[in-house]
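S.K.: Protein chains in written order, with the numbering used here: chain S, 3 to 309; chain G, 3 to 309.
Quick reminder that beta carbons are idealized off the backbone N, C-alpha and C, glycines included.
My structure is below; once you've seen it, I'll send some questions.
Protein chains: 2
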Amino acid sequence: MQASVFGSRGCPMQWNDLTVVLAICRAGTLSGAARALNLNHSTVFRRLNAIEEKMGVRFFERLQQGYVMTEAGEAAMRAAERIDEEVLGLSRELVGKDLRLQGSIRVTAPEGLSIHFLGTHIGQFCRLHPDIHVDLVVTSSDLRLSRREADLAVRVTSHPPDTSLGRHICRFRFCMYASRAYLKKNFHGKLEDYDWLMPDDGIDWLPASIWRKELRPQARVVMSSDNTLVLVNAAKNDLGVIPLPCFWGDSEKKLVRVIDPPDELTLDLWLLTHQDLRHTARVRALMTFLHEALQQQKDLIEGVPGK
Amino acid sequence: MQASVFGSRGCPMQWNDLTVVLAICRAGTLSGAARALNLNHSTVFRRLNAIEEKMGVRFFERLQQGYVMTEAGEAAMRAAERIDEEVLGLSRELVGKDLRLQGSIRVTAPEGLSIHFLGTHIGQFCRLHPDIHVDLVVTSSDLRLSRREADLAVRVTSHPPDTSLGRHICRFRFCMYASRAYLKKNFHGKLEDYDWLMPDDGIDWLPASIWRKELRPQARVVMSSDNTLVLVNAAKNDLGVIPLPCFWGDSEKKLVRVIDPPDELTLDLWLLTHQDLRHTARVRALMTFLHEALQQQKDLIEGVPGK
DNA sequence: AAGCAGGCTTGCAAAAATGCAAGCAAGCGT
DNA sequence: ACGCTTGCTTGCATTTTTGCAAGCCTGCTT
Chain S
3 MQASVFGSRG
13 CPMQWNDLTV
23 VLAICRAGTL
33 SGAARALNLN
43 HSTVFRRLNA
53 IEEKMGVRFF
63 ERLQQGYVMT
73 EAGEAAMRAA
83 ERIDEEVLGL
93 SRELVGKDLR
103 LQGSIRVTAP
113 EGLSIHFLGT
123 HIGQFCRLHP
133 DIHVDLVVTS
143 SDLRLSRREA
153 DLAVRVTSHP
163 PDTSLGRHIC
173 RFRFCMYASR
183 AYLKKNFHGK
193 LEDYDWLMPD
203 DGIDWLPASI
213 WRKELRPQAR
223 VVMSSDNTLV
233 LVNAAKNDLG
243 VIPLPCFWGD
253 SEKKLVRVID
263 PPDELTLDLW
273 LLTHQDLRHT
283 ARVRALMTFL
293 HEALQQQKDL
303 IEGVPGK
Chain G
3 MQASVFGSRG
13 CPMQWNDLTV
23 VLAICRAGTL
33 SGAARALNLN
43 HSTVFRRLNA
53 IEEKMGVRFF
63 ERLQQGYVMT
73 EAGEAAMRAA
83 ERIDEEVLGL
93 SRELVGKDLR
103 LQGSIRVTAP
113 EGLSIHFLGT
123 HIGQFCRLHP
133 DIHVDLVVTS
143 SDLRLSRREA
153 DLAVRVTSHP
163 PDTSLGRHIC
173 RFRFCMYASR
183 AYLKKNFHGK
193 LEDYDWLMPD
203 DGIDWLPASI
213 WRKELRPQAR
223 VVMSSDNTLV
233 LVNAAKNDLG
243 VIPLPCFWGD
253 SEKKLVRVID
263 PPDELTLDLW
273 LLTHQDLRHT
283 ARVRALMTFL
293 HEALQQQKDL
303 IEGVPGK
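Laid out in structure tokens, this is it:
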């Protein structure tokens with residue numbers, strides 16, 4: 003015999019409610035949370051209000067500066083983050099055991115490598131494996147493999163993260179490039195006396211960014227951009243000197259090296275995945291494919307003369 | 003620049019999906035899971051298939067004996083149980099800090115106490131606090147306070163769980179009762195020679211259940227039921243001897259004690275809640291109210307003569 | 001063998017959730 | 001002051017989810 007007196011209002015917490023609360027905690031705005039969740043912001047607005055109504059708890063104060071967590075909101079965020087870790091761990095575990103050559107893979111790579119090599123190679127791979135879908139995210143930021151923001155990363159670094167499983171491809175060299183006409187008209191004894199076409203911080207050339215910061219007080223930067231193609235065209239039009247990876251600069255017929263590639267601007271090219279995904283058939287297959295394809299570009303990427 | 007090659011199929015795991023998988027793991031059938039989740043079974047059927055399709059993972063084999071977990075299903079269950087604990091902990095934390103005299107409370111109590119006292123007392127409490135909703139679950143099984151199956155429990159026991167916060171009300175005594183006519187016509191020297199009206203295992207008289215099991219080989223049980231009122235009416239109609247709590251037996255005009263209340267059938271009456279809810283205003287208010295109300299019935303519950 | 005109970009799968013209607021679009025408010029830049 | 005951008009709240013149409021009901025299957029009891 004089960005009786006109810008004056009109805010029953012207590013109902014179990016919906017686990018999905020916590021993803022909404024967590025997204026708002028992280029973003030601080032409804033719109034930001036909506037973008038993170040890939041939902042319409044009116045949906046987030048309604049769901050938050052429904053959640054707070056249902057649970058009789060106020061997770062956020064609505065202030066001028068945005069949605070500010072209450073104490074309850076902070077407690078919910080802590081719990082939700084632990085749950086997030088659990089769910090991600092399970093996700094990796096499930097995908098990590100998948101022996102089928104089907105499903106989706108998310109790949110992250112820098113701009114230059116994506117433009118020159120990866121677009122083509124991934125297209126070829128997908129033609130070989132029609133049941134595999136590859137999402138190529140071109141970005142300079144390091145998407146986290148642990149959070150499954152990416153399943154496979156092409157990285158330019160000398161120190162791959164310990165938690166990753168990596169395959170080294172080759173050395174990765176940078177040099178300074180300019181047009182012959184610019185060099186003929188503007189010969190200087192010192193590098194920092196040239197007109198420099200420098201990437202914004204958003205660009206993923208770590209050594210070039212460091213170099214720019216060290217020379218900034220003396221170097222004359224005539225142009226900055228977050229788009230490397232813009233800078234390359236400026237260099238081709240005799241506007242100055244641009245730092246580029248060798249595979250890119252050496253491929254441009256209108257640009258020549260200003261100096262030999264300096265050793266201190268040399269890094270390494272790696273393929274990385276998460277340890278948990280090392281047995282996932284589709285990740286292994288793509289990793290092997292890309293490793294072979296990129297090694298065939300080894301001389302170009304390493305800036306070996308004659309290429 | 004964010005690019006997609008051949009579309010994107012990977013989407014984040016819905017946390018609620020895991021509650022469905024967990025419920026099926028625990029129940030072993032779709033119908034059982036549906037009952038646990040308070041959903042229609044066709045909904046569970048469709049959601050499981052949608053989940054498996056979306057994630058490309060098989061959590062269950064469909065066998066004759068029901069839905070049997072795969073390896074992936076077991077991994078999901080382990081993760082889901084850890085998440086369940088997190089969510090329950092958060093739930094208790096949120097409710098535990100609620101200082102308002104509104105919201106819902108779930109109370110669990112045995113049948114006899116519910117019929118004689120709690121229905122009336124809870125009604126009075128709710129009239130005092132119109133914003134509080136009380137759900138009275140009448141059951142002999144020990145609903146778990148930790149799982150928020152109940153927020154407040156009225157328990158007959160000598161050993162309350164250590165994890166609870168308890169308030170002792172009084173002693174709780176049992177005795178044997180029969181009609182005068184039955185005793186006049188059926189006087190025996192030994193208790194086990196009477197005709198016994200015994201509760202099923204489903205009834206919540208722990209000492210009476212123990213006593214029945216110890217005497218079963220010798221005692222003649224002429225009637226069993228999972229409904230105590232049925233047994234009481236049989237006793238009133240001169241059919242035999244029935245073990246009852248004193249407050250119940252002494253309240254029946256047609257029944258008298260067969261013997262004095264034996265000390266070995268004496269337990270204690272407690273009010274219990276979870277440690278985490280000790281500051282919850284509505285739980286504290288109801289606990290105080292019921293404690294006072296039940297203490298006014300102290301002599302009756304303890305079987306003090308004259309009552 | 002027939003009937004019953006429990007569990008499942010499927011079609012359709014109803015309910016709930018979501019996206020689209022409009023409007024409002026606040027802050028910033030010209 | 002005006003225009004633009006960002007973020008919010010709200011109404012309505014559309015989409016998705018859920019419950020109801022029917023039908024099928026299996027195992028158990030009489």
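1) Out of S:Gly-91, S:Lys-99 and S:Leu-120, point me to the one whose CA is closest to S:Val-109's CA.
2) Please tell me whether, using a cut-off of 7 Å, the distance from the CB of G:Arg-94 to the nearest non-hydrogen atom of the ligand NAD is below it.
3) Count the other CB atoms, across all protein chains shown, that sit within 10 Å of the CB of G:Thr-72; report buried if there are 16 or more and exposed otherwise.
4) Consult DSSP for S:Glu-184 and reduce its assignment to one of helix, strand or coil.
5) Could you name the residues of the same chain whose beta carbon sits closer than 6 Å to that of S:Met-3, not counting the 5 residues immediately before and after it, in chain order?
6) What distance in whole Å lies between the Cβ atoms of G:Cys-177 and G:Pro-251, which are believed to be in contact at a cut-off of 8 Å?
7) Around the Cβ of S:Ser-44, are there at least 16 other Cβ atoms within 10 angstroms (buried) or fewer (exposed)?
8) Would a C-beta distance cut-off of 8 Å place G:Asp-137 and G:Ser-166 closer than the cut-off?
9) Scan the region 7-93 of chain G and note each continuous beta strand (DSSP E) run of 3 residues or more that stays entirely inside, going in chain order.
10) Check whether chain S comes within 8 Å of G:Val-232, counting only Cβ atoms and requiring the distance to be less than that.
11) Leaving out five residues before and five after S:Val-234 in sequence, what residues of the same chain have Cβ atoms less than 8 Å from its Cβ?
12) Measuring CB atoms only, is the region 174-191 of chain G touching the region 122-130 of chain G, in the sense that at least three cross pairs come out at less than 8 Å?
13) Please classify S:Gly-191 as buried or exposed, where buried requires at least 16 neighbouring CB atoms within 10 angstroms.
14) Comparing C-alpha positions only, which one of S:Pro-132, S:Ala-283 and S:His-276 sits nearest to S:Ser-148?
15) Are the beta-carbon atoms belonging to G:Leu-154 and G:Leu-41 less than 8 Å from one another?
16) What in chain S is Cβ-close to G:Ser-93, meaning under 7 Å?
17) In terms of residues, what are the limits of the alpha helix (DSSP H) holding G:Gly-125?
18) So S:Val-224 is in the beta strand (DSSP E); what residue range does that whole segment cover?
19) Taking S:His-118 as the reference, give the member of S:Leu-302, S:Leu-130 and S:Arg-284 with the closest Cα.
20) Is S:Gly-34 close to chain G, meaning its C-beta is less than 8 Å from at least one C-beta of that chain?
21) Terminal residues of the continuous alpha helix (DSSP H) containing G:Leu-296?
22) Do G:Ala-25 and S:Leu-96 count as a contact pair if the criterion is CB distance below 8 Å?
23) Inspect the beta-carbon positions of G:Trp-17 and S:Val-223 and report whether they are closer than 8 Å.
24) Count the other CB atoms within 10 Å of the CB of G:Ile-92; is the residue buried (16 or more) or exposed (fewer)?
25) Using a Cβ cut-off of 8 Å (strictly closer), state whether S:Val-243 contacts chain G.
26) Quick check: the Cα distance between G:Ala-36 and G:Ala-82, rounded to an integer number of angstroms?
27) Skipping 5 residues on each side, what residues in its chain have a beta carbon closer than 6 Å to that of G:Arg-169?
28) What span of residues does the alpha helix (DSSP H) with G:Gly-242 cover, start to end?
29) Are the Cβ atoms of S:Val-70 and S:Phe-61 separated by less than 8 Å?
30) Along the chain, where does the beta strand (DSSP E) that runs through G:Val-156 open and close?
31) Mind reading off the beta-carbon distance from G:Pro-264 to G:Gly-305? Whole number of angstroms is fine, and I expect it under 8 Å.
32) Using a beta-carbon distance below 8 Å, is S:Thr-45 in contact with chain G?
33) What three-state label does DSSP hand S:Gly-168 in the structure shown?
34) Along the alpha helix (DSSP H) that carries G:Leu-302, what are the first and last residues, could you check?
35) Output needed for S:Leu-101: all residues of its chain with C-beta closer than 6 Å, excluding positions within five of it in sequence on either side, in chain order.
36) Would you identify the three-state DSSP class for G:Leu-115, choosing helix, strand or coil?
M.R.: So, to answer that:
1) Against the first sequence, residue 109 of chain S aligns to sequence position 107. Closest option to S:Val-109, Cα to Cα, is S:Leu-120.
2) Annotation note on the ligand NAD: not contained in the displayed structure, which lists no ligands.
3) Numbered from 1 along the second sequence, position 70 holds the residue referred to as residue 72 of chain G. The residue in question, G:Thr-72, is exposed, as its Cβ has fewer than 16 Cβ neighbours within 10 Å.
4) The residue you call residue 184 of chain S lines up with position 182 of the first sequence. In the sequence under discussion, the amino acid at residue 184 of chain S is Tyr, which differs from the Glu named in the question. S:Tyr-184 falls in the helix class under three-state DSSP.
5) Translated into positions along the first sequence, residue 3 of chain S becomes position 1. Since pLDDT at S:Met-3 reaches only 29, below the 50 mark, its modelled position is unreliable, and no value is offered.
6) To locate residue 251 of chain G, count along the second sequence from 1; it is residue 249. To locate residue 177 of chain G, count along the second sequence from 1; it is residue 175. Reading off the sequence shown, one finds Gly at residue 251 of chain G, where the question assumed Pro. About 6 Å separates the two Cβ atoms, so the contact holds.
7) One-based indexing of the first sequence puts residue 44 of chain S at position 42. Result: exposed.
8) If you number the second sequence from 1, residue 137 of chain G lands on position 135. If you number the second sequence from 1, residue 166 of chain G lands on position 164. Going by C-beta atoms, G:Asp-137 is not nearer than 8 Å to G:Ser-166.
9) 62-65 and 68-71
10) Looking up residue 232 of chain G in the second sequence gives position 230. False, the Cβ-Cβ gap to chain S never drops below 8 Å.
11) The residue given as residue 234 of chain S occupies position 232 in the first sequence. For S:Val-234, where only same-chain residues beyond five positions count, the Cβ hits under 8 Å are Ile-244, Leu-246, Trp-250, Glu-254 and Leu-257.
12) no
13) For the purposes of this step, residue 191 of chain S is taken as the residue at position 189 of the first sequence. Classification for S:Gly-191: exposed.
14) Position 146 of the first sequence holds residue 148 of chain S. The residue with the shortest Cα to Cα distance from S:Ser-148 is S:His-276.
15) Taking the first residue of the second sequence as 1, we reach residue 154 of chain G at position 152. Taking the first residue of the second sequence as 1, we reach residue 41 of chain G at position 39. Not closer than 8 Å, so no.
16) Residue numbering aside, residue 93 of chain G sits at position 91 when the second sequence is read from its first letter. By Cβ distance, chain S contributes Met-15.
17) Position 123 of the second sequence, counted from the first residue, corresponds to residue 125 of chain G. Segment 121-130, the alpha helix (DSSP H) holding G:Gly-125.
18) Here the question's residue 224 of chain S lines up with position 222 in the first sequence. Per DSSP, S:Val-224 belongs to the beta strand (DSSP E) from 222-227.
19) Here residue 118 of chain S refers to the residue found at position 116 when the first sequence is read from its first residue. Of the listed residues, the one whose Cα sits closest to S:His-118 is S:Leu-302.
20) The residue given as residue 34 of chain S occupies position 32 in the first sequence. No, S:Gly-34 does not count as interfacial toward chain G.
21) Position 294 of the second sequence, counted from the first residue, corresponds to residue 296 of chain G. Unbroken alpha helix (DSSP H) run through G:Leu-296: 283-297.
22) For the purposes of this step, residue 96 of chain S is identified with residue 94 of the first sequence, where counting begins at 1. For the purposes of this step, residue 25 of chain G is identified with residue 23 of the second sequence, where counting begins at 1. Not a contact, by the Cβ cut-off of 8 Å.
23) Counting from one through the second sequence, the residue named residue 17 of chain G turns up at place 15. Counting from one through the first sequence, the residue named residue 223 of chain S turns up at place 221. The answer is no: Cβ separation not under 8 Å.
24) Counting from 1 along the second sequence, the entry for residue 92 of chain G is found at position 90. Note that residue 92 of chain G is Leu in the sequence shown here, rather than Ile. Buried, because 16 or more other Cβ atoms sit within 10 Å of the Cβ of G:Leu-92.
25) Working through the first sequence from its first residue, we reach residue 243 of chain S at position 241. Judged by the 8 Å Cβ criterion, S:Val-243 is not in contact with chain G.
26) The residue you call residue 36 of chain G lines up with position 34 of the second sequence. The residue you call residue 82 of chain G lines up with position 80 of the second sequence. So the alpha carbons of these two residues sit roughly 17 Å apart.
27) Taking the second sequence and counting its residues from 1, one reaches residue 169 of chain G at position 167. The answer, listed in chain order, is Leu-273 and His-293.
28) If you number the second sequence from 1, residue 242 of chain G lands on position 240. It is not in any alpha helix (DSSP H) - G:Gly-242 carries neither H nor E in the DSSP assignment.
29) For the purposes of this step, residue 70 of chain S is taken as the residue at position 68 of the first sequence. For the purposes of this step, residue 61 of chain S is taken as the residue at position 59 of the first sequence. No.
30) Locating residue 156 of chain G in the second sequence gives position 154, where the first residue counts as 1. Taken as a continuous stretch (DSSP letters only), the beta strand (DSSP E) holding G:Val-156 covers 154-158.
31) Along the second sequence, one-based indexing puts residue 264 of chain G at 262. Along the second sequence, one-based indexing puts residue 305 of chain G at 303. The Cβ separation is near 11 Å, so there is no contact.
32) Position 43 of the first sequence, counted from the first residue, corresponds to residue 45 of chain S. Not one chain G Cβ lies under 8 Å of S:Thr-45.
33) On the first sequence, residue 168 of chain S is found 166 positions in, with the first residue counted as 1. Strand at S:Gly-168.
34) Stepping through the second sequence from its first residue, residue 302 of chain G is reached at position 300. G:Leu-302 -> alpha helix (DSSP H) spans 300-303.
35) Counting from 1 along the first sequence, the entry for residue 101 of chain S is found at position 99. Around S:Leu-101: Ala-283.
36) Here residue 115 of chain G is taken as the residue at index 113 of the second sequence, counted from 1. G:Leu-115 falls in the helix class under three-state DSSP.
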